[in-house]
Every structure is written in structure tokens, then in C-alpha cells.
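Residue numbers (my numbering), protein chains in the order written: chain A, 552 to 1291; chain B, 12 to 298; chain C, 605 to 767.
Note that the Cβ used here is the ideal one computed from N, Cα and C, for glycine as well.
Contents: one structure, followed by commentary.
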Amino acid sequence: MIGKSVPRKEGREKVAGRARYVDDLSFPGMLHGVTVRSPAARGRIRATRFEGEIPWHEFTVVTAKDIPGKNCIALLIEDQPCLAAEFVNHPEEAIVLLAHHDRYLLEEARRCVRIEIEPMPAIFSIDDSLAREEIIWGQDNIFKSFHVEKGDVDGAWTGAAFVVEGTYETGAQEQLYIEPQGMIAQVSEAEGVTVWGSLQCPHYVHKALMVLFGLPRERIRVVQTETGGGFGGKEEYPSMIAAHAALLARKSGRPVKIIYDRAEDMVATTKRHPSRTRHRTAVDRDGKLLAMDIDFTVDGGAYETLSPVVLSRGTIHAAGPYACPNVRIRSRAVATNAPPHGAFRGFGAPQSVFALERHLDRVAEAVGIASDELRRRNFIHEGQTLAVGQVVKEKVDMNGLMGRAFELSGYHAKRKQFAAENSNARGAIKRGIGFASFLHGAGFTGSGEEYLASEVAMEAMADGTVHILAGSTEMGQGTNTIFAQIAAEALRLDCEQMKIIQPDTAYVPNSGPTVASRTAMIVGKLVETAGLGLLKLLTDGGFLRPGYTAADFSRACGEYVAKHGPLKSFVKYEHPRDLHWDDQKYSGDAYGAYAWALYVAEVSVDIRTAEVRVNDFVAVQEVGKVINPVLAAGQIEGGVAQGIGFALYENVVWQEGRMVNAQMTNYVMPTSVDLPAIRVYFEEIPYGRGPAGAKGIGELPLDGTAPAIANAIAHATGVDVRRIPITAESLLEMLEAVHA
Amino acid sequence: MRAYLPAYEMETPRDLAAALARMASEPGVWKPFAGGTDLMVLLEAGKLPHKKFLNVWNLAELRGVEVSSEHVTLGALTTYAEVQRHEILAREFPLLCRAAAETGSVATQNRGTLGGNIANASPAADSPPALIVYDAEIEIVSAGGSRWVRYASFHTEYKKMNLHAGELIRRIRLTRTQAGWRQYFRKVGTRRAQAISKICFAGAARVEAGRIADVRIALGSVAPTVLHAVRVEELLRGQRPGSTVLQAAQDALNAEIAPIDDMRSTARYRRHVARNLLAEFLEVLAG
Amino acid sequence: MPKRARKIRVSCEVNGDAASFEAYPMTRLLDVLREELKLTGTKEGCGEGECGACSIEMDGALVNSCLVPALQAQGVKIRTIEGLAIHGSLHAVQQAFITHGGAQCGICTPGMILAAVNLLARHSQPDDTQIREGLSGNLCRCTGYMKIFESVVAAVRRAETRA
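Printed below as a string of C-alpha cells:
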């Protein structure tokens, strides 16, 4: 089963249009719900007026006063209100909820609620936040900061042959899942609170609702419906919609459905954290890294949400797959009056890796050696130490990945050829080729997995069907299919016999969130272990002998159940004893395993219009074990496409903390004619703790795509790219400067 | 849906005369509704103040393409898909076909119409520059009769046009004089498909003995309406398309356009690119 | 209270069957399909005619159903994703999307498959450019389009070998 492109488990439903997403569901007596939001970025709520000729008595109206438990969306901390009560801290912050059975009247009513806000000074930039003229969060506008220190950075500058500095910036990015967010909630005395919806982490929503309602665990139930894309955008935000729908359901006594339209989804939900990274790097005359001093800041928006964790991953990935004896990383997540930024595939690493890989090309230039040569002289090897002090214990061959990627892309020949062609001043099209080399840690950082203590259960039914019970969600990445494959492999059966139970907190254990590239590697391993555990129950009990057939298995299950009752295996995560992490010093074994990669982008730039086209893209990565080749390639291809968007197309236009281009016509993602053939290649060095040796790959492609493109544009045009997205407007100005 | 949808009315008139009579009965109240690719977007965004529409989609009098020796006349309901499929349009009016192919996507091209596009009067629309280059005339009908208007003077200010209450665009007439002219169309958008243009340039010229005997140039997204670059045309007539005239032509173009900063792009970018597209056009004429 | 228009009754054909429904004249055809006719396979992704998740065929032409008012559905022949399979047997394009990974999260899939089927009706052996252009009105955030193209090519090859 492993290594086979088993067709997607729920593929038939999806291609037939029978898969049921939250907006496809309807309950008897159901009401629709909408959210009335703050027009101001920051201020005190003076009054709420219900105007217009609306039959208000027909409406269910909910405000903060209606919250039975704590008015917060509980996540890492409890600073974010579910509904703003006295103050608002970002545009579009939720204040009032309305429900009615008539969707059209509801929309009319929403526009007739006027919130009067006495404005307070608001801040919208990292600089303004750090300047602290206005404190909008905590004591100092800082959600979290880290300080990583390896070796002796300060001593390295004087002996260095070259010292190169640079500042790099990345903008916000909207996850843009094609299915907008939504939830249906039902509240009753008998059942408690139940929500169904588009989400990645049922147990996050569960916890948030417990706190909001002040109810015990068994009175809250969260069910994941078929989810049309998440990419992190449905990691934490669904708790907010679930809370809103549930409050309306509680007050109205009816089921309530809230579905965001695209404009609301874009303007009110989370985005990738904007970032700024400052690098100062010392190298010897051969380009060997002597010291890296890195300063990394992300803009977290108005409330903490997941910013500390985004900052953490960005910090740990900031120094890349290189051996450098002296590294300092100082980082912080700051508050601004924008809707809180949140999880988006890559989760801090795309930001810091963009800076690093662009910076190293500039370092190479300063030293006078080729970009690839600089990397080769500094790639980390087994036995060496990463910036946070983790000794690399796995085999790693970055040189091999580079060689393969360069061969597949024709890198060296094109590097020369394009440089020669571009020097002809008359040509309007300049071509370039560039790369990025990087790594991505799979699983939660440090002691995170230990803290999560994920669980998986597996039950074999009397007829031999095997039920896999996990809180991990399918959202297109292939969770259902690879779990079936892993279990089938462990049990030596066919995937057809495996059934993935719909994630429902009433029935499945908490396997941790479906994030952090952990689902295959961490939870998949639990699935494998659970399968082996089931097998052991049957063989130890004498129901099954080696060399059994599928029929034998089914018969054995029937016999076991008849004799002993439920045939169930239950597994809990055990943190490897040889992984040590120090949260205070922020050093040690950050991740159990890393995927390693080298991506090459070929671009052409029309200097008349500064339009950039990616003509070819080669993605080579070492991932432990490819469980399902079609699904794995699909993950990388889709991730590269999002990375191309991050680099070139996706620009959030802000006006006083509000996204003003909140339409798909104005926030632009690549179409089928904008993208090149994305060529994906895998290498496999099995990771002992992954299922069949697999490591995580979901976020990896977001790290290296944008810097490879930026480096290619630099090669094509001589422009020193420092920020993404590289809009045509900004590139045109930079081209003028180069030619001047 | 950001509008109170139940408040919107639509009727289907049985023929053009009935439609015009309805429009005349309450001037300015009833608006024609064709494929809906602009109006439905406005409705859903809550930006459609008009509430009463006449469904003209099936009116035969507004459909069809007539070809005579001098003209090609298109019904207002000619869709972008139909424009691209028409042999004579593809051969003699390539800029219009290019514009049609680069507007929206397959689905929008099946429903978007030339008449609707003209009446929507967006300065960013892709067909208008091509229509200007082809000296288009439009037939406007009402219960009181009909008149022909030069398209080049149809749009007066941003979203304002020579179309009065009770009037409807019936046909668009193109003159077959530019077959054989060198033609150039370039739309620069936010991406390669389904993009609103940041700037759009349509040009055609008759080149004889190395000189520009006659020329038409029009641009989109650089002014409150589609822009007919008459000053540039005047300057270019009789000239050789080369570097000597380029600078002056670019300066003239720069003086004629009035681009703005908006959500999609900047005035500075539009100015710069306009000059470059003009240079590219002249290269096409010289080559 | 804003005044309401009268609802109209519309008769048309959906997936080969006669259909009749009541709606406001400007109710979106997308909502009619999903709510009146309970055909939830057609999806809303943007409500502005950009993403193509709501794509259907109307009298053989691919259109965005979020942009079609109910009144204009009078007398037309509509095909949605539900009408593609014949007697439970998947269309070649549907089958190819399963085998070749053309569907990931599946939300764009109904519209994408209809766009592909519509493309193949117009160009039975499309080249890479024609495939890309034919699908350019259908946005996919998951796949990067690669396996969607592979699925379409596979469906074409299957049709060739059968012919």
C-alpha cells in the first residue's frame, strides 16, 4: 500500500458533486446568521442603533452580554473577545450577531445596524508598534519575543573578510481557500452545543466553546464537514464562527447557519503575518559563514491568537540549512490594529526563509562567488549543529539535491546563457534563473508534540472493516487516503477495507491539530502503531496466524468480537527520549525531522511592463518516504502555486487596517494560464520515527518558492529584490533605477 | 449577497418595440439587462441602485452579425464568444477578437455582450479601444426612433455617455476600411486571464512607402473614459515609425492620458507602460 | 420595509428532467439550483463570477450560475455536475480526476469538471494551451492545476483509445 498512488478515498463523492460541505447542509427550522462588524480600527463603542424599517422583533440579536461563559475565543491565551463589548481593536471586529430565517431580510437588517464608535488612535505598522507611542496590547505591544544565541556573534565581525547587511520584507497573504468559512450550530438542553463546519482542528473549536459557554467537555460536540481547503486559514478562525453560530442558536432555540461571503471572509479572517527581517552576515574570503545576526519581526494584528507560534517557527527557520558557528536571532511578534493575522501554510518560515535565501545570494555577490558555490561551502551535514543548537542526526545531502535540481532545470547553462542574452540592451524580455535551498521542520516545535499528547484509535468491526478514529482532518491534502494506506499496510489488507471516521469530537480522540506538517509523520505513525496493536490483539489471542488472508482477518475479527466484545486499539504519542528542548534558552532539538529541499525557478521579465512570468519550476525535496506519489506531488505542486502567488501576484492593499481589495477580482491568485509546468521530484531517506519512514511535507513548498523567484528576477534584471510581493509597479520603479 | 434581492424586478418584453415602450413609459426607471456579467456583480456587491430591469437577452432584433461590402454590423447582444468565432471578424478586426479573448474567461465570454460592455462604460473595458480604432458607430434606439453615434464621442465623462433615458444600444457598425492595416493590441492586467486591465492599448496603421499614412490609437484604463489618442495620431500621420518620432509621440501621449492610482495599479506605472506600448506599436509598424 | 417583487415561476430542463420552480426574478440561478432544486453539487466560491466554482452548462455554453438571474433560466437546458454521470457511471473526465489526482479538497471540482467537459466538446484533442485557456475561469487553490491538466489529458487519451 505504501508508495502506491491509491485513489483518493473520498474522490468519487467529490467528482460527482456529492461531497457535503457545510453550506450544502440544511436543518429543519434553521435560521441564517450574520455578523455586524466594527467600522473603526480602534475605539470605544458608544451606541448600537437598530434603524430602518426592519421587523426587529422577528430577529434574534446577540451581543457580548449574551455570552454565558467567558467572552473570549480561547486559544493560547484568552485576550481575543468573541464579541467586542466596550472597545474595538481592529476594523471588522465582530460586535453584534443577528439571525433570521430570511437570508435576504437578514442582509438588509445587517446594514441597518449602526454602531457608533468614538475613535481612539490606532497603529498600523511594525514601526509604529515598536515606537510605542500608542500601547494597544499588553504593556508594550509585544505578543512574544525570542532570543536565540549560538557561539559568539559579537567576536566575529572584526576578523571577517566581508560583512553584508540587508533588510527584507514580506506582505500579508490571504489563504483564499475556494470554500468560504462557515458553521452550523445547534444548542439544546439535551445535547448541549453541537457545531458542524469547515475546519481543520475540531478540538481547538471544542476547547474554545467550552470556555465560551462555561460547559464541560461532554456538553460540546464539534463535527468537521467536508472542508474545501484550509491551508491554515481554518486552523483558529473557525472557533470564532462556531462561537457566533452557537450563541445565536442558544438564544433562538433553532439551528443557525453562518456562511461568510467572499468579501467578508477576506476582510475579517486571518492572513499570513507580514514580516520584516534584518540580516547582518560575516563571511571569510571564501564565503564560509562566520556569523549571522538576524532580527525578525512579524505583525500579529490586534490579538495574540497564534503569533507566538508563528514567530517560533519563523525564528527557528531563519538561519536555514547551513552550518554557521555563531548565530544570533532576535525576534518579536508585535500588535497592530488590523484583524489578527494567523496560520498560513509555512507559518513564519516562508517569511524568514525568503529573507535568508535572498540575502545569501547578495552575500555571494559580495564575496564574488556564485550563489550556489556559497551554499555548497556552507550546507550543513550530519553531525553539525543548526542555529538553535540541534545536532543533525539524519542523513542530509543538500549537495546531492542541488546537483539533481540543477541538472533537471539546466541551471548552470541557463545562468550563463541568460546573462549573455540579457546583456543585449535591445531585448525587451530578460530571462533569469534562481534557486533557494531550505529545510522545513515537521511536527510541533520542541516539546510541542509532547504537550499535544496526540491520540488515535482503531476499531475492527465484526465484518472485518477497520475504522480509523483520529481528530486529523481531510481538507484536500489526502489525510483520509494516507491513513487508510498506512493502516492497510500495517494490517496487510486492502485500503478498501479501511474506513476513516468523520472527525467528530464525540467519537474521535484528539490527534492534535491538522497543521505543522505533522499529520503524516506524527499522527500517521500513531495510525501505524494502532494498526499493529490491533493485529497483536488478534494474534496474541490466537485468532490470527501469520500469512493470513483478508478473509481470515474478517473471520478473526468476527470471532474476537463475539468472544471479547469491541476489538479496539488505542495509541498515545510518546515523545522520543533522545529529543531535548530548552524552552528558556530556546535551543535544542527543535523538530524530530526535517524535509530538505532545493527549488529552481526560471522567469522572464518584460521590461516594458515589468510583468514577470515563471516559465519553469523544478522542486526537489527529500521527504523520508512518499506514501502516495500522486497526493505528495499534488501537495508540492499546489504549494508551489501558492508560493508563486506569494511572490508575484497576491497583494493585500491596506487602508487603516482594513483590506480594501477584498474581492477575487482585485486580490489576485494565479489562474491556469499564469503558472508554468511545476516539476516535482522526491528523494527518500527513511526517517525511523515516521510511518514507513515518512516525514512531513505540507508546508515545505511555501518556504523556497518565493525566494527562488526573487533570485531569478535579480539574475534577469539586476534588480536587488528586497520585498514580496514583487508587483509590476514596484519592479518597474526598480528597473528604472537599475537603468539610470 | 450584499443587496436586498427581493426588491429587484425583471420583466421579459416580447420584442424590441415592447421593450422600448416599457422604457418610455417610465423614463430612466427600466434598464436593459443582457448577460448580467457586470450588473450581477454589482448587485451582489450591493452596488446596483437600479431596481427594475428588462430582460433583453432573447430579443432577436439585438442579435446577429450582418456583413456588407463596406460594413460589419453586430447586434448589441453579440457575445465575446460569438465575436471570436466569427470568421470575418477574426480576419479583418483582430483587435476586437483579441479584446474578446482577453475579457474574463470562457464563462464570462459566453454571457458578456458588446452592448452591455459599452453601456457599462468602464474605462477599463477591453473592447472599447478596439471599437475606437475601427471607427465604430453605434445605433441607439428608443420608442421615438433611432440615431447613429460615432463611438469615439459616445462616452463623455466617467460613467456618463450619450445615451438618454428610454434609449438602448441596438447595433455596432464597423467599417471594413482597415483590412490590411498593421494592427496591435496589448492588455496589461494583474494576471494573464480573468484580469481587469491596468492599461490596454489598441492601434492600427496603414503604412505606405515606409510612412504612416493613417493611424488609429485608443487606450483603456488611462482616463475617465476610453481614450482616443487623437493628438498622437495627428503627430504620427505622415511620419516614419522610428526613433526620431518616438520621443515626441510619447510626450504627446503622456499629455493626453490622465491615469490615476487605484487598487490595481498606479498612475506612474500606467504612464510608463503607455509610453512603452506606444514604442512597441511603432516597432510593429516599422517591422 | 423595502418592497418585494413578485415571485415568478420558471420552467426549464435540468439534467435532462423537466424542472419548475418559484423564485424572485433576480434570484441567482446558483441559489435556485442549490436551494429549490436541492442540487448542491454546484458551489459558491466568490459570488462575483471570478472563481468558476458555480460553473454549469446552459444550452451547452459554460456559464457562471452566480451571475444568471432566475428569470433568464426560463426555457433553457441546464446541466450541472449531477447530470454528468450516466446511470451511475462516471464520465471519463470524472474518472480521470479520481485516478490522476485532479481533485484535492473538491470544492472547485464540480465547476472544473464541467469546464473540462465543455472544453472537450469544443476541442476534442486540446493541446496544453487550449486546456489552460479553457480552464482559466476556474480557480483552484489546492492543485496548482498540474494534476487537473493530467486528468484532462488522460480523459482525452481514454476517449482516443475507445474511438
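| message | Just to confirm my understanding: we take Leu-257 (chain B), look at its own chain, exclude 5 residues before and 5 after, and list those with CB closer than 7 angstroms. What are they? | response | Taking the second sequence and counting its residues from 1, the one referred to as residue 257 (chain B) is at position 246. Correct list, in chain order: Ala-290 and Leu-293.
| request: Out of B:Leu-107, B:Glu-103 and B:Glu-81, state which residue places its alpha-carbon closest to the alpha-carbon of Thr-90 (chain B). | output: Position 79 of the second sequence, counting from 1, holds the residue named residue 90 (chain B). Among B:Leu-107, B:Glu-103 and B:Glu-81, the Cα nearest to that of Thr-90 (chain B) belongs to B:Leu-107.
| Amino acids of chain B, ordered along the chain, whose beta-carbon sits closer than 8 angstroms to that of Tyr-811 (chain A) | Within the first sequence, the letter at position 260 stands for residue 811 (chain A). Close partners of Tyr-811 (chain A) in chain B (Cβ separation under 8 angstroms) are lacking, with about 12 angstroms as the shortest Cβ gap.
| query | Where in the region 840-887 of chain A do unbroken runs of the beta strand (DSSP E), each at least 3 residues long, occur, reported from the N-terminal end onward? | reply | 840-850 and 877-885
| Closer than 8 angstroms to chain B by CB, Thr-1160 (chain A) | As a working note, residue 1160 (chain A) is residue 609 in the first sequence. Taking 8 angstroms as the CB threshold, Thr-1160 (chain A) lines the interface with chain B.
| Proximity to Cys-663 (chain A) [Cα-Cα], best of A:Arg-600, A:Ser-988 and A:Asp-617 | Position 112 of the first sequence, counted from the start, is the residue given in the question as residue 663 (chain A). Checking every option, the nearest Cα to that of Cys-663 (chain A) belongs to A:Arg-600.
| Which residue from A:Pro-1064, A:Leu-1095 and A:Thr-1100 puts its Cα closest to that of Pro-1054 (chain A)? | Sequence index remark: in the first sequence, residue 1054 (chain A) carries index 503 (1-based). The option with the nearest alpha carbon to Pro-1054 (chain A) is A:Pro-1064.
| task | Say yes only if the C-beta of Glu-643 (chain A) is nearer than 7 angstroms to one or more non-hydrogen atoms of the ligand PLP, and no if none qualify. | result | Because no ligand of any kind appears in the structure shown, any question about the ligand PLP cannot be addressed here.
| field | Residue from A:Glu-958, A:His-757 and A:Ile-735 with nearest C-alpha to Arg-768 (chain A) | value | For the purposes of this step, residue 768 (chain A) is taken as the residue at position 217 of the first sequence. That would be A:His-757, whose Cα lies nearest to the Cα of Arg-768 (chain A).
| request: Answer yes or no: does any C-beta atom of chain A fall closer than 8 angstroms to that of Gln-739 (chain C)? | output: For the purposes of this step, residue 739 (chain C) is taken as the residue at position 135 of the third sequence. In the sequence as presented, Gln is not what sits at residue 739 (chain C); that position holds Leu. For Leu-739 (chain C), the answer is yes, since a Cβ of chain A falls inside 8 angstroms of its Cβ.
| said: Which complete beta strand (DSSP E) runs does the region 607-690 of chain C hold, if anything under 3 residues is left out? | reply: 612-618, 621-627, 659-662, 665-668 and 681-683
| task | Could you work out which residue in A:Leu-857, A:Ala-712 and A:Gly-722 is closest to Gly-919 (chain A) when comparing CA atoms only? | result | Position 368 of the first sequence, counting from 1, holds the residue named residue 919 (chain A). Ranking the options by Cα distance to Gly-919 (chain A), first place goes to A:Ala-712.
| query | Is the shortest distance between the beta-carbon of Ile-682 (chain C) and the beta-carbons of chain A less than 8 angstroms? | reply | Taking the third sequence and counting its residues from 1, the one referred to as residue 682 (chain C) is at position 78. It does not; no Cβ of chain A falls within 8 angstroms.
| Can you find a CB in chain C that lies within less than 8 angstroms of the CB of Ala-111 (chain B)? | As a position in the second sequence, residue 111 (chain B) is number 100, starting the count at 1. It does not: the Cβ of Ala-111 (chain B) has no partner Cβ on chain C nearer than 8 angstroms.
| message | Using the Cβ count rule (16 or more neighbours within 10 Å means buried), how would you classify Glu-1188 (chain A)? | response | Reading the first sequence from its first residue, position 637 is the one you call residue 1188 (chain A). Buried: at least 16 other Cβ atoms inside 10 Å.
| Between Ile-605 (chain A) and Ala-660 (chain A), what straight-line distance do the alpha-carbon atoms span, to the nearest angstrom? | Residue mapping note: residue 605 (chain A) aligns to position 54 of the first sequence, counting from 1. Residue mapping note: residue 660 (chain A) aligns to position 109 of the first sequence, counting from 1. Cα-Cα distance, rounded: 6 angstroms.
| query | Between Ile-596 (chain A) and Pro-632 (chain A), what straight-line distance do the alpha-carbon atoms span, to the nearest angstrom? | reply | Mapped onto the first sequence, residue 596 (chain A) falls at position 45. Mapped onto the first sequence, residue 632 (chain A) falls at position 81. Approximately 14 angstroms, taken between the alpha carbons.
| query | Below 8 angstroms between beta carbons: does that hold for Ala-1057 (chain A) and Met-1009 (chain A)? | reply | For this step, residue 1057 (chain A) is matched to residue 506 along the first sequence. For this step, residue 1009 (chain A) is matched to residue 458 along the first sequence. Result no, Cβ atoms of Ala-1057 (chain A) and Met-1009 (chain A) do not sit closer than 8 angstroms.
| query | Under 8 angstroms between C-beta atoms, does Val-587 (chain A) make it to chain B? | reply | Sequence index remark: in the first sequence, residue 587 (chain A) carries index 36 (1-based). With 8 angstroms as the cut-off, Val-587 (chain A) does not count as an interface residue toward chain B.
| said: Please tell me whether Glu-615 (chain C) and Leu-637 (chain C) are closer than 8 angstroms, where the distance is taken between their beta carbons. | reply: Locating residue 615 (chain C) in the third sequence gives position 11, counting from the first residue. Locating residue 637 (chain C) in the third sequence gives position 33, counting from the first residue. Just to set this straight, residue 615 (chain C) is Ser in the shown sequence, not Glu. Cβ distance not < 8 angstroms, so Ser-615 (chain C) and Leu-637 (chain C) don't count as in contact.
| Do you know how far the Cα of His-651 (chain A) is from the Cα of Glu-740 (chain A)? | Taking the first sequence and counting its residues from 1, one reaches residue 740 (chain A) at position 189. Taking the first sequence and counting its residues from 1, one reaches residue 651 (chain A) at position 100. His-651 (chain A) has its alpha-carbon roughly 22 angstroms from the corresponding atom of Glu-740 (chain A).
| request: Just the C-alpha distance for Ala-385 (chain B) and Arg-977 (chain A), rounded to the nearest angstrom, thanks. | output: The first residue shown for chain B is 12 and the last is 298, placing residue 385 (chain B) beyond what the model contains.
| field | Candidates C:Gly-651, C:Ala-763 and C:Gly-692: closest to Thr-724 (chain C) by CA position | value | Taking the first residue of the third sequence as position 1, residue 724 (chain C) is located at position 120. According to the sequence as given, residue 724 (chain C) is Leu; it is not Thr. With distances taken between Cα atoms, Leu-724 (chain C) lies closest to C:Ala-763.
| said: Using a Cβ distance threshold of 8 angstroms, determine whether the region 944-958 of chain A contacts the region 898-905 of chain A, with at least three qualifying pairs required. | reply: no
| request: Please say whether Ala-1170 (chain A) and Ala-1192 (chain A) have beta carbons closer to each other than 8 angstroms? | output: As a working note, residue 1192 (chain A) is residue 641 in the first sequence. As a working note, residue 1170 (chain A) is residue 619 in the first sequence. No; because the gap between Cβ atoms is not below 8 angstroms, this pair is not in contact.
| said: Looking at Arg-184 (chain B): is its Cβ nearer than 8 angstroms to the Cβ of Glu-150 (chain B)? | reply: In the second sequence, residue 184 (chain B) corresponds to position 173, counting from 1. In the second sequence, residue 150 (chain B) corresponds to position 139, counting from 1. Cβ distance < 8 angstroms, so Arg-184 (chain B) and Glu-150 (chain B) count as in contact.
| message | Between A:Glu-667, A:Arg-909 and A:Glu-1153, which has its C-alpha nearest Phe-638 (chain A)'s C-alpha? | response | In the first sequence, the residue the question calls residue 638 (chain A) occupies position 87. The shortest Cα separation from Phe-638 (chain A) among A:Glu-667, A:Arg-909 and A:Glu-1153 belongs to A:Glu-667.
| request: For Trp-68 (chain B), go through chain C and note every residue whose CB falls closer than 8 angstroms to its CB, in chain order. | output: Translated into positions along the second sequence, residue 68 (chain B) becomes position 57. In chain order: Gln-676.
| field | Proximity of His-892 (chain A) and Ala-759 (chain A) at Cβ, strictly below 8 angstroms | value | Indexing the first sequence from 1 puts residue 892 (chain A) at position 341. Indexing the first sequence from 1 puts residue 759 (chain A) at position 208. No, the Cβ-Cβ distance between His-892 (chain A) and Ala-759 (chain A) is not below 8 angstroms.
| Inside the region 950-1003 of chain A only - beta strand (DSSP E) runs reaching at least 3 residues | Counting only runs of at least 3 residues, the region 950-1003 of chain A fully encloses the following beta strand (DSSP E) elements, listed from N- to C-terminal order: 980-993.
| Quick check: the region 770-779 of chain A against the region 570-582 of chain A, are there 3 or more CB pairs under 8 angstroms? | yes
| request: Could you please give the first and the last residue of the uninterrupted beta strand (DSSP E) stretch that includes Val-226 (chain B)? | output: Locating residue 226 (chain B) in the second sequence gives position 215, counting from the first residue. Note, Val-226 (chain B): beta strand (DSSP E), 222-231.
| Looking at C-alpha atoms only, which residue of A:Ile-1248, A:Val-1219, A:Pro-1237 and A:Thr-1216 is the closest neighbour of Val-1231 (chain A)? | By 1-based counting over the first sequence, the position of residue 1231 (chain A) is 680. Residue A:Ile-1248 is the option with its Cα nearest to Val-1231 (chain A).
| said: Considering only the alpha carbon of each residue, which of C:Gly-679, C:Ser-755 and C:Asn-722 lies closest to Leu-688 (chain C)? | reply: As a first step, residue 688 (chain C) must be located in the third sequence, where it is residue number 84. The candidate whose alpha carbon is nearest that of Leu-688 (chain C) is C:Asn-722.
| message | Against Ile-711 (chain C), what residues of chain A qualify as contacts under a CB-to-CB distance less than 7 angstroms, listed in chain order? | response | To locate residue 711 (chain C), count along the third sequence from 1; it is residue 107. Listed along chain A are Tyr-572, Ile-729, Glu-730, Gly-779 and Gly-780, each with a C-beta nearer than 7 angstroms to that of Ile-711 (chain C).
| said: What does DSSP give as the partner residue(s) for Cys-211 (chain B) in the beta ladder? | reply: Here residue 211 (chain B) is taken as the residue at index 200 of the second sequence, counted from 1. DSSP lists B:Lys-198 and B:Gly-231 as partners of Cys-211 (chain B).
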